[in-house]
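Asks: Each residue of the sequence shown is one higher than the one before, starting from 3 at the first, in the working numbering. Provided herewith is a single structure, encoded as C-alpha cells, for subsequent inquiry.
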Amino acid sequence: MLDAVRDSARDFLRRRDHRQRKRTDAAPDRDVWQEIAEMGWLAMAVPETQGGLGLGWHALAAVMEEAGRAQLPEPLLAAGVLPAAVLAQLRDDTGAAARQALLDEICAGSRIVGLAWQEADGQLEAGEAAGAFGVSATPRDAAWLLNGEKRHVVPGAGVDGWLVSADSEHGPALYYVDADAPGLHLTARPRADGSAACHLRLEQVAPRQLLARQGVLDALDAALDLARLMQAAELVGGARQVLADTVQYLNTRQQFGRALASFQALQHRLVDAVMQVELAANGLQGALNALPDALPSPASRLDASRVKARAAQAAVGAARLAIQLHGAIGYTDECDVSLYFRAALHHAAWLGNATAHRRRFAALAPEPASADDADDAAPDAATAVAFPRDADWNAMPEPAFRAMLQRFFRAHYPEALRHAHWRLHWDEIKPWYFTLSRQGWIAPSWPREHGGMGLSPARLIAYIEEAERYGVARAPDQGLVMLGPILLRYGTEAQRARFLPGILSGEDVWAQGYSEPDAGSDLAALRCEAVADGDALVVTGQKTWSTLAQDATHMFMLVRTDKTVKKQAGISFLLVDLRSPGVSRRPIRTLSGHEEFCEVFFDQVRVPRANLVGELNAGWTIAKALLGFERLFSGSPKHANHALGQIHAVARQRGLLDDAAFVDRLTELRMDSADLVAMYEVFADMARSGRLLPPELSLLKIWASETHERLGALLIQACDEDGGGALSADLGRVHPQAPFINALAATIFSGTNEIQRNVYAKQVLGLQGA
3 MLDAVRDSAR DFLRRRDHRQ RKRTDAAPDR DVWQEIAEMG WLAMAVPETQ
53 GGLGLGWHAL AAVMEEAGRA QLPEPLLAAG VLPAAVLAQL RDDTGAAARQ
103 ALLDEICAGS RIVGLAWQEA DGQLEAGEAA GAFGVSATPR DAAWLLNGEK
153 RHVVPGAGVD GWLVSADSEH GPALYYVDAD APGLHLTARP RADGSAACHL
203 RLEQVAPRQL LARQGVLDAL DAALDLARLM QAAELVGGAR QVLADTVQYL
253 NTRQQFGRAL ASFQALQHRL VDAVMQVELA ANGLQGALNA LPDALPSPAS
303 RLDASRVKAR AAQAAVGAAR LAIQLHGAIG YTDECDVSLY FRAALHHAAW
353 LGNATAHRRR FAALAPEPAS ADDADDAAPD AATAVAFPRD ADWNAMPEPA
403 FRAMLQRFFR AHYPEALRHA HWRLHWDEIK PWYFTLSRQG WIAPSWPREH
453 GGMGLSPARL IAYIEEAERY GVARAPDQGL VMLGPILLRY GTEAQRARFL
503 PGILSGEDVW AQGYSEPDAG SDLAALRCEA VADGDALVVT GQKTWSTLAQ
553 DATHMFMLVR TDKTVKKQAG ISFLLVDLRS PGVSRRPIRT LSGHEEFCEV
603 FFDQVRVPRA NLVGELNAGW TIAKALLGFE RLFSGSPKHA NHALGQIHAV
653 ARQRGLLDDA AFVDRLTELR MDSADLVAMY EVFADMARSG RLLPPELSLL
703 KIWASETHER LGALLIQACD EDGGGALSAD LGRVHPQAPF INALAATIFS
753 GTNEIQRNVY AKQVLGLQGA
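Structure below.
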C-alpha cells in the first residue's frame, strides 16, 4: 500500500512546478489545497470513526516525504497534519460536535486552520510555563474572552482561523478563533523558506467555539510529536532530493578534465551526508512502527525528539553540502538548492531545534544500564527448574520470554565471563556453547526444521538484548551467524545434513578464510588457489586475519579456481577441515595484547570436491552474501550499548553527570546509538525474511563502528588518568581502553570504512568514476 501511496503522491506533485511556485507565492493556493484534500492527504491519518481515511501515519509520512522532495508551497504540515491531529486526539464530551464539524471541514479542504499553541521561545511542550505570553480565557455573558499572545504561529496568513489553547477557570482549554475576529492582531514573522508565520496578540477576542477543556495538553503534546515525525519525513524527502540533484550535477560537471563525481573526497562527503539522512529515515520508520495506541507516552516523546533532531541536522547538512558542491551557482537564489536549504532551516528551527530536542531527550531518557547494573542475583528456586527446550516462542508474551531468558542466564552463564572485554577463546567459552546447544537455544535465528529456535524478528531482538544486558560473551559463532545461513541458502541437502549438526553441537568450530596479505579490502585480488584433481581440490596459499582460527576445526574460505577470467569470476567457496595434512597456523597478537587473529597456511591440502558450496567459480556471489551477514553482525548496536553502560558507570562514580558539557556530549552519543538501533533493525528484518542484503548495508557498518569508536573515546576521557592505564580495580567491570581498541578493529575488518564509502558511492549513488 505504501508504494501505491507514494507513487500517487509523486504523480500528483509532478503536475506542477512547485519549486517555481514556492519562489513566487508563499500564500496557500486554495485550488491546490482543494486538490490536496481530494487526494485524501488531509484525512489520511484521521481514524475512520472520525470521518478520516484511517490509512495511518506510515502512509502520511510517505506523502510528506514526496512533498519535501517537490517543495510543495502549501502548509500541509502546519494547516493539515497538526490541527487535524489535535482534534482527532481529543476525547472530551464538551465541544465534541463542534470539533467533529471542524475536523470534517479540515479534511474536506473547505477550511484552512492553523494551530496557535506556543507561548515562549524554545517551548517544546504545551504544558510548559508560559511566562509573560500566556493566553487566558475569562467567562463573560455565557461566552469567553481571550487575552494574551501566541508566538511563532505557522501558518500566519492565508488561513480561515486558528485553534488556540488558553488557560480557563476549568484548566487548559481549546478554542477556535476566526482569522478576522475583532481584537486579533498579527505581527508577521516570515520564515526562512518564505512561508508566512506570525505572533498573535489577542485582546478581548471572542472565540467562535469552545472545542475542549479535558485532555487538552495531552492532545496538543501528542499532536506536536506526531507533527515532528511528519516534519522529519518532509525533511528527509527534501534532503534526499537535493542530494540526488547534486549527484546528477557532479556527474555532468567537469573540472580539471574530469567529472567532479570522480573525486574521492567529494564522494566520501556525499556518502556521509546520505548516511545522516538514512539514519533519520530509519529512525522515523522505527518510531512509526513503535507508535503506541495512547499518546503521548515517554517512548513516543523520546522517539519524536530523537528523530526530529537527526532529521534537522541531516537536512541542513545535506543542503549545506549541496551548496558547496554546486559552487558559486549553489549560492544563488536561481539555483534550486537554495529552496531546499531555506526549507531545511525553517523546519530545523520550527517545533524545536536539534539542541532543544537533545535536551528533552536527556531529560526524558532512562539511564542506560551499566556493566554492573544487570541482575546480579544468585540463582533462586525459580532458576533451578527445567527450561523448555522447545515451545512456541513467538506466541509467548514478550515480558515472559525475556524473564525466562534472564532466569536462564542467571542460572547457567558463568559469572566470571560476564562482560568480557575481548573475544574469548574456545576453551574459555565452550562450556557455555555446549549449554546452549543442549538447551536447543544455540541458533535462535535458524529455522526450526534445521535445529534453530525460529524466532521472529521481535523475539530475536529480545533474545539479543537480554544476552547483551547480562553480559553474555560472543561465542565462536562464525558457523552460526555466517556459514549456517549460507548453507541454508546455497548449500545442498547433503551439505546441510553433514555440516549443520556439527555447528549446533559445537563439535565443529568454524573460522572464516577470506583475507590474504594482498587481498584485504580488495578481496577479489585473492591468490590462494584450489586446483581440481579428480574428486578433490588441492589448496595452496595463505589466509590471514582469520579470527580465532587457532581454535577452529574447519574453515569456510574463498579460493582462486580460474586465473584466466575476470578476478571476481574465478573464485569458489570451499569448506576445509583444518586438521587436514598440509595446514599450519600462526597466531597474531593484536595491540590489545591478545591473540585474536591467525595466519593459516595451506600446502597442497586435499579437499573433497563435495565441500564446494555452489558451482565452481561462482563463489563471488556467495562471498558477497556472506560479507552481508558479517557486516550486519558488525553493525549490531550491542557494542555501542555496552560502551554506553560503561560510560554511565564511570560517570556516576566520578560525578560527571553533573557536568553539563559532558552530559550534552553523552546525550548526543546516546541518540547516535539509538539511531544505530533503528538502522540495524531495518537490515536485520531483511536478513530474517531471506532477502539479499543490499549495498546500503555499508552505511550500517560505517555508523556502527564509528559510533562505537566515539563512545570508546568518551569512556577514556571519563576515566581521567585511568584512561591511559591498565585495568583498574576501582572501575569494576569497566576496561577503559577496550571499547576504543575494539572499535578501531571494527573500522578495518569486513572492508575498511573507506572502502565501504567507495562501494556506496558507486553502487548506490551512481557517482561516475567512483
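Think of the CB as a built atom: it goes at the ideal place given N, C-alpha and C, for glycine as much as any other residue. Remember, predicted model here, so these are calculated numbers, not experimental data.
According to the Cβ coordinates, are R409 and D677 closer than 8 Å?
Replies: no
Asks: Helix, strand or coil, according to DSSP, for G116 in the structure here?
Replies: strand
Asks: How would you label M66, buried or exposed, when you count the other beta carbons within 10 angstroms and need 16 or more for buried?
Replies: buried
Asks: Is the Cβ-Cβ distance between D123 and R93 less than 8 Å?
Replies: Not in contact: D123 and R93 (Cβ atoms no closer than 8 Å).
Asks: Taking L659 and V652 to be in contact with their CB atoms under 8 Å, please state how far apart those CB atoms are, rounded to whole angstroms.
Replies: The Cβ separation is near 10 Å, so there is no contact.
Asks: Taking the alpha carbon of H349 as the reference point, which residue from A445, D295, G288, A229 has its own alpha carbon closest?
Replies: A229
Asks: Once the 5 residues before and after L57 are set aside, which same chain residues still bring their CB inside 6 Å of it?
Replies: Excluding sequence neighbours, L57 sits near M46.
Asks: To the nearest angstrom, how far is the alpha carbon of F558 from that of L485?
Replies: Distance between the alpha carbons of F558 and L485: 7 Å.
Asks: Do P589 and Q552 have their C-beta atoms closer together than 8 Å?
Replies: A contact, by the Cβ cut-off of 8 Å.
Asks: Which same chain residues, not among the five before or five after R23, have their C-beta less than 7 Å away from its C-beta?
Replies: P75
Asks: Do E598 and T549 have their CB atoms nearer than 8 Å?
Replies: Between E598 and T549, the CB-CB gap stays under 8 Å.
Asks: My guess is that A64 and V7 are in contact by the Cβ rule of under 8 Å, so how many angstroms apart are they, rounded?
Replies: Yes, they are in contact, since the Cβ atoms of A64 and V7 sit about 5 Å apart, within 8 Å.
Asks: Hey, out of V766, R210, A662, whose CA is closest to R361's CA?
Replies: For the residues V766, R210, A662, the minimum Cα distance to R361 belongs to A662.
Asks: What did DSSP end up calling S307 once you bin it into helix, strand or coil?
Replies: helix
Asks: So what does DSSP say about C833, is it helix, strand or coil?
Replies: In the structure displayed, the chain extends from 3 to 772; residue 833 sits before or after that span and is not available.
Asks: Enumerate, from N- to C-terminal direction, the unbroken alpha helix (DSSP H) stretches of 4 or more residues contained entirely within the region 47-92.
Replies: The qualifying runs are 59-72, 84-91.
Asks: Could you pull the start and end residues of the alpha helix (DSSP H) that V540 belongs to?
Replies: Looking at the DSSP string, V540 is not in any alpha helix (DSSP H); the run it does join, the beta strand (DSSP E), is 538-545.
Asks: Quick one: what's got a C-beta closer than 8 Å to P697's C-beta in the same chain, skipping five residues either side?
Replies: V761, Y762, Q765, V766
Asks: On the premise that V218 lies in contact with P174, defined as a C-beta separation below 8 Å, what is that separation, rounded to the nearest angstrom?
Replies: 4 Å
Asks: Excluding the 5 residues flanking P381 on each side, which residues of the same chain have their C-beta closer than 6 Å to its C-beta?
Replies: For P381, the predicted model reports a pLDDT of 46, less than 50, meaning its position is unreliable and no value from the coordinates is stated.
Asks: Could you compute how far the alpha carbon of E723 sits from the alpha carbon of L528?
Replies: 44 Å
Asks: Let me check understanding here. Comparing Cα to Cα, which of A224, H556, A393 lies closest to R303?
Replies: A224
Asks: Which partner residues of C200 appear in the DSSP bridge assignment?
Replies: V155, A190
Asks: Smallest Cα separation from Y472: which of N643, T754, Y177?
Replies: N643
Asks: Residues in its own chain within less than 6 Å of P503 by CB, not counting five upstream and five downstream?
Replies: Spatial neighbours of P503 in its own chain (CB-CB distance under 6 Å, excluding positions within 5 residues in sequence) are not present.
Asks: Reducing DSSP to helix, strand and coil, say where A532 ends up.
Replies: strand
Asks: To test your reading of the DSSP string, which unbroken alpha helix (DSSP H) runs of 4 or more residues are found completely within the region 668-747?
Replies: List check, alpha helix (DSSP H) in window: 699-720.
Asks: DSSP three-state label for A6, please.
Replies: helix
Asks: Assign D305 to buried or exposed, taking buried as 16 or more other Cβ atoms, counted over all protein chains shown, within 10 Å of its Cβ.
Replies: buried
Asks: Within a Cβ cutoff of 7 Å, which residues of the same chain sit near M688, ignoring the five residues on either side of it in sequence?
Replies: L695
Asks: Tell whether a beta-carbon distance below 8 Å holds between V48 and L105.
Replies: yes
Asks: Over the uninterrupted alpha helix (DSSP H) stretch that includes H644, give me the two end residues.
Replies: Going by DSSP, H644 is part of the alpha helix (DSSP H) stretching over 640-656.
Asks: Taking the beta strand (DSSP E) that M406 belongs to, which residues open and close that run?
Replies: No beta strand (DSSP E) contains M406, which is instead part of the alpha helix (DSSP H) from 400-414.
Asks: Can you give me the Cβ contacts of S447 inside the same chain, cut-off strictly under 7 Å, excluding the 5 residues immediately before and after it?
Replies: Residues G454, L457, L462, R690 of the same chain have their beta carbon placed closer than 7 Å to that of S447, with the five preceding and five following residues left out of the count.
Asks: Give the range of the alpha helix (DSSP H) segment to which T26 is assigned.
Replies: 20-26
Asks: Can you confirm whether the region 746-759 touches the region 237-250 when touching is taken to mean that 3 or more C-beta pairs between the two stretches lie within less than 8 Å?
Replies: no
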